[in-house]
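Chains as they are written, first to last, in the UniProt record's numbering: chain A, 1 to 481; chain B, 1 to 481.
First up is the structure itself, then whatever we jot down about it.
Number of protein chains: 2
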Amino acid sequence: MSGPETKEMAPQVFGKLTKDIEAIAAVGDRDKLFTRERKGWVGFVEWENYPDKKAAAHKILTSQTFLPNPEFQLGPIPITNPVLPGTHWKMWHHAVGGELAKIPDDSWDLVLKEKHSDMLHLLQFPYNGEPPKRFVTAKEITPNPLHFVRNHGGIPIIDKDVYSFTMDGLVKEPRSFTLDDLMDESKFPRVEKTGDEVPQAPWAEGAIGTITYVGISLKKVIKACGGLVDGAKHLEFYGADTYFKDDEVMNYLVSVPWSKVKANEVLLAWGMNGEALPRIHGYPLPLVVMGYIGARSVKWLYRIKAIKNPTRVFVQSKMTDDIQIQEMPVSSAIMSPWTKQVVIHNGKIRCKGWAYSGGGRWPERVELSADGGFNWYTVPPENMSKKRKWTWRTYEFDLPCDVEGWVEIVCRCWDNALNNQPPDIRTAWNWGLHVTSSCHRISVYSVNKTKPLTKTRLDELEKADIPFGPITVPVQFPSQT
Amino acid sequence: MSGPETKEMAPQVFGKLTKDIEAIAAVGDRDKLFTRERKGWVGFVEWENYPDKKAAAHKILTSQTFLPNPEFQLGPIPITNPVLPGTHWKMWHHAVGGELAKIPDDSWDLVLKEKHSDMLHLLQFPYNGEPPKRFVTAKEITPNPLHFVRNHGGIPIIDKDVYSFTMDGLVKEPRSFTLDDLMDESKFPRVEKTGDEVPQAPWAEGAIGTITYVGISLKKVIKACGGLVDGAKHLEFYGADTYFKDDEVMNYLVSVPWSKVKANEVLLAWGMNGEALPRIHGYPLPLVVMGYIGARSVKWLYRIKAIKNPTRVFVQSKMTDDIQIQEMPVSSAIMSPWTKQVVIHNGKIRCKGWAYSGGGRWPERVELSADGGFNWYTVPPENMSKKRKWTWRTYEFDLPCDVEGWVEIVCRCWDNALNNQPPDIRTAWNWGLHVTSSCHRISVYSVNKTKPLTKTRLDELEKADIPFGPITVPVQFPSQT
């Protein structure tokens with residue numbers, strides 16, 4: 001690789017790097033520019049109130065040369081765990097420096113501390129991870145260490161004793177609230193709500209979980225500020241995490257309509273399944289929107305602003321063809337068996353999975369197919385967990401399958417508005433595959449013991465004490481006599 | 001048809017008929033048994049409070065021999081208008097007699113008086129009809145004479161001066177309300193809401209329409225009764241029309257959950273598009289449920305009952321695999337061109353249609369395909385009517401189509417919860433095809449003027465002054481020289 005071209009290029013690359021360093025240095029002292037916003041809020045830089053600070057970070061990010069992104073859409077995804085390291089996000093944090101410099105390391109330390117050791121780490125930083133399939137539907141309520149995480153930035157480490165958030169914008173009396181304020185039951189009635197969270201990204205099928213939150217309704221907080229004024233119709237939520245997009249920095253920021261808040265479906269939650277929130281889930285106080293995509297729930301909340309129109313930030317509008325995604329469509333998945341599994345059965349394959357719908361709708365009917373979607377069997381209601389607003393239903397079903405060899409198992413669900421799922425991924429309507437709810441399909445290798453020849457072969461294997469190993473390995477005794 | 005068998009059967013049939021007449025006569029005097037319930041309510045028999053009356057009607061209906069139903073699922077549907085006469089429903093009304101005897105004739109007279117002469121009469125009695133496709137999306141608000149009608153029984157003819165309905169069941173103070181009570185603006189704030197109505201049955205694609213209702217919120221009426229008591233969670237609505245099912249008679253009766261009423265989404269409406277309600281639409285007072293299927297809206301309301309659990313009547317539960325349908329799934333349709341049309345175009349076929357979703361959700365994205373669903377084109381937002389809660393969006397789009405001959409145009413829609421439509425009817429989940437929202441597909445014959453040969457042929461036809469008639473008729477001059 002040391003041809004003449006490389007030799008010629010070297011001085012130029014070196015020159016570019018020197019120039020980068022000079023350009024970055026010219027922006028100023030990063031430790032002073034990008035400081036911690038509040039005492040006791042490690043890793044929190046406030047961007048939204050400081051256009052100059054945003055401009056400085058932008059200058060740094062555009063001066064530096066970063067590696068191009070690897071291609072994973074058309075090539076194989078690594079089988080490592082973490083699957084992807086998040087190289088760019090780490091580099092951006094280090095480039096901006098200041099309070100952001102230590103965040104990637106701190107965040108990974110928190111993952112190792114707070115999450116289950118068997119988690120599938122899809123992205124190391126910002127952390128995205130989900131539990132392995134065998135844990136997904138194992139319990140009605142997902143234990144905190146196994147709940148999926150979809151973070152958009154690093155984890156701020158906030159001291160709860162100095163925690164507060166501000167409620168401002170179009171409210172009569174803007175003010176701040178500490179945790180003690182919110183926990184004062186004489187002022188704010190405490191509520192407990194159970195719901196599912198799902199991300200809007202196309203993950204594996206374990207990115208779902210059921211949580212019981214304890215907290216208060218945001219509606220009461222707005223009331224404590226004297227209510228909305230001047231035609232406010234939306235609430236904008238600000239998270240203390242830093243988000244990067246197109247060489248710009250920003251705090252994580254989304255909005256929901258007032259009607260959602262008014263219906264008491266937006267919570268400020270300090271309890272998750274009977275425990276304090278883990279830091280990775282937004283400690284000390286996340287804002288939780290029931291029945292909307294997880295991306296509308298904001299962790300490490302530091303500000304709520306009442307506004308007239310939905311927020312136009314990238315994550316809410318621009319990445320999805322200008323459609324403001326709030327509720328999730330109906331969806332479902334097969335958790336067992338798993339794809340490429342060899343399934344030995346007696347004419348019926350035991351299937352387990354979940355079904356969910358957004359906006360407070362619930363699954364009414366689940367169907368399974370063992371032939372790619374030609375014949376369908378309905379899961380009897382008694383094989384499904386209870387209907388409940390905001391939550392999924394799990395199912396178990398013995399799916400008839402007569403044939404042997406590769407079969408495709410598909411599941412689909414109807415919710416109570418009778419919406420159901422498109423059969424295949426071709427209905428995806430945006431390049432990022434956001435909120436693509438087509439039927440979950442898995443390929444399994446069917447070995448049907450009710451077939452005499454199969455039965456004989458399996459008996460032979462058992463007699464010879466040979467495990468039914470990978471089907472691609474030739475058996476060690478003659479298969480015909 | 002006068003073979004030996006017929007001759008032999010005749011005395012038996014005659015004997016059966018005689019027996020029928022005797023059995024019916026034994027039940028009693030039908031004019032006394034099935035009388036008008038209230039003065040000024042022509043055609044209203046109250047069944048729900050009189051088990052004996054129901055039993056008497058059942059006895060009559062089971063004593064008599066009715067013709068078997070004709071087979072329309074596997075044979076051609078008549079091309080008459082009315083398409084189907086509703087022979088059985090008429091026979092049942094005549095058999096029960098009393099106040100019901102005149103209803104089929106009275107109802108048809110009202111159809112002719114109140115509905116547009118171009119209506120497509122799908123069923124003469126009980127009346128089901130929809131406007132022809134060319135009218136469906138012509139106006140933002142559907143004119144009353146063109147609005148589709150899905151009646152479940154005959155039309156009671158009610159004098160508004162004696163009209164009242166009762167609110168009872170689990171409310172603190174049960175009472176009755178006259179129209180004057182409801183129209184008293186000092187007691188009940190008047191509301192105006194615009195929404196779409198759609199039936200839950202699989203009709204042609206014209207069974208949708210947009211209405212502006214004027215009336216009051218049911219919530220205020222419940223408040224005027226001192227509120228709900230004893231754990232009431234649902235509201236049951238009684239209509240003055242008579243419904244028949246499995247030889248039983250009943251009033252039309254459904255329920256909706258209290259949460260829907262509480263959100264001010266259930267109206268008592270006396271105005272429809274600036275006019276009084278037509279009798280066929282529930283005059284003087286129907287109950288309208290915003291964003292639910294039309295079948296939950298009850299015409300000729302005579303009673304509301306607060307109850308603990310959803311009603312278990314046939315129309316709400318038993319006809320749909322025990323799934324309680326309330327909201328509609330996302331759906332869409334092509335109103336122009338129409339199926340089997342020959343479309344002459346310049347490489348793009350002008351398509352018009354509508355898209356809708358239930359529960360207050362709205363269409364976000366509409367796509368069209370001219371190749372049966374392989375390639376899809378997105379309708380630009382500026383080619384769609386405004387987003388509005390509860391209502392449809394109409395669209396117009398020039399759909400690229402290069403090929404000639406039979407092509408299949410398909411449309412599909414995503415709503416704001418990103419639900420979309422299954423591609424074909426195979427996803428139907430109940431035998432009656434209730435709330436089947438698969439993509440609308442039409443076959444048209446494409447004649448593409450951008451193709452030189454086609455252009456030449458069309459020019460020849462024009463020069464020879466020969467109309468471009470049915471494509472199956474041979475042209476009268478040599479097509480080759």
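The beta carbon of each residue, even a glycine, is placed where N, CA and C say it ideally should be.
Fair warning: this is a prediction, and the values are worked out from it, not measured in the lab.
query = Would you say residue 328/A reaches chain B, if we count a Cβ-Cβ gap shorter than 8 angstroms as a contact?
reply = yes
request  = Mind checking which residues open and close the alpha helix (DSSP H) that includes residue 369/B?
outcome  = It is not in any alpha helix (DSSP H) - residue 369/B instead sits in the beta strand (DSSP E) that spans 363-369.
request  = Report yes if the CB atom of residue 400/A is closer than 8 angstroms to the CB atom of residue 370/A, and no otherwise.
outcome  = yes
message = For a cutoff of 8 angstroms on Cβ pairs, would you count residue 42/B as touching chain A?
response = no
inquiry  = If we require 4 or more residues per run, which alpha helix (DSSP H) segments fall completely within the segment 229-262 of chain B?
reply    = 258-262
query = Going by beta carbon distance, what residues of the same chain come within less than 6 angstroms of residue 417/B, once the five residues before and after it are set aside?
reply = 361
key: Rounded straight-line distance, which links the Cα of residue 80/B to that of residue 87/B   = 15 angstroms
task = May I ask you to list, following chain order, the residues of the segment 388-404 of chain B that have a beta carbon less than 7 angstroms from some beta carbon of chain D?
result = No chain D is part of this structure, whose protein chains are labelled A and B.
request  = Pull up the distance between the alpha-carbon of residue 366/A and that of residue 440/B, whole angstroms please.
outcome  = 24 angstroms
request  = Check the Cβ-Cβ distances between residue 461/A and every residue of chain B, and say whether any is below 8 angstroms.
outcome  = no
message = Just to confirm my understanding: we take residue 153/A, look at its own chain, exclude 5 residues before and 5 after, and list those with CB closer than 7 angstroms. What are they?
response = 126, 241, 242, 243 and 252
request  = Report buried or exposed for residue 25/A, applying the criterion of at least 16 other Cβ atoms within 10 angstroms of its Cβ.
outcome  = exposed
query = Would DSSP call residue 278/A helix, strand or coil?
reply = coil
request  = Would you be able to state if there are at least three C-beta pairs under 8 angstroms between the segment 295-303 of chain A and the segment 158-171 of chain A?
outcome  = yes
ask   = Can you tell me whether DSSP reads residue 464/B as helix, strand or coil?
value = coil
Backbone secondary structure at residue 143/B - three-state DSSP = coil
key: Reference residue 410/A, options 351/A, 393/A and 357/A, closest by Cα   = 351/A
ask   = In whole angstroms, what separates the C-alpha of residue 27/A from that of residue 95/A?
value = 12 angstroms
Nonlocal neighbours in the same chain, by C-beta distance under 6 angstroms from residue 151/B, ignoring five residues either side = 126 and 127
query = Which whole-angstrom value describes the C-beta separation of residue 209/B and residue 147/B, a residue pair presumed to lie in contact below a C-beta threshold of 8 angstroms?
reply = 4 angstroms
ask   = Is the shortest distance between the beta-carbon of residue 375/A and the beta-carbons of chain B less than 8 angstroms?
value = no
query = Just how far apart, CA to CA, sit residue 465/A and residue 353/A?
reply = 33 angstroms
task = Taking residue 437/B as the query, report the chain A residues whose CB atoms sit under 9 angstroms from its CB, ordered along the chain.
result = 418, 419 and 420
ask   = Residue range of the beta strand (DSSP E) that residue 331/A falls in?
value = 331-336
key: Cβ-Cβ distance between residue 93/B and residue 104/B below 8 angstroms   = yes
request  = May I have the straight-line CA-CA distance separating residue 415/B from residue 238/A, to the nearest angstrom?
outcome  = 27 angstroms
query = When the cut-off is 8 angstroms and only beta carbons count, does residue 202/A lie next to chain B?
reply = Since pLDDT at residue 202/A reaches only 47, below the 50 mark, its modelled position is unreliable, and no value is offered.
ask   = Beta-carbon separation of residue 206/A and residue 85/A under 8 angstroms?
value = no
request  = Would you identify the three-state DSSP class for residue 119/B, choosing helix, strand or coil?
outcome  = coil
ask   = By the 10 Å Cβ neighbour count, where 16 or more other Cβ atoms means buried, how is residue 406/A classified, buried or exposed?
value = exposed
query = Do residue 421/B and residue 446/B come within 8 angstroms of each other at the CB atom, strictly closer than that value?
reply = no
task = Within 10 angstroms of the Cβ of residue 312/B, are there 16 or more other Cβ atoms? Answer buried if so, exposed if not.
result = exposed
task = Tell me, please, whether the segment 368-383 of chain B touches the segment 371-388 of chain A by the rule of three or more beta-carbon pairs shorter than 8 angstroms.
result = no
ask   = Where residue 201/B and residue 434/B are concerned, what is the direct C-alpha to C-alpha distance, given to the nearest angstrom?
value = With a pLDDT of 49 at residue 201/B, under the threshold of 50, the modelled position of this residue cannot be trusted; read the value that follows with caution. Those two C-alpha atoms are separated by around 5 angstroms.
key: Beta-carbon proximity check, residue 145/B vs residue 115/B, cutoff 8 angstroms   = yes
ask   = Using a Cβ-Cβ cut-off of 8 angstroms (strictly less than) and excluding sequence neighbours within five positions of residue 234/A, which residues of its own chain qualify?
value = 255, 256, 257, 258, 306, 307, 308, 309, 310 and 311
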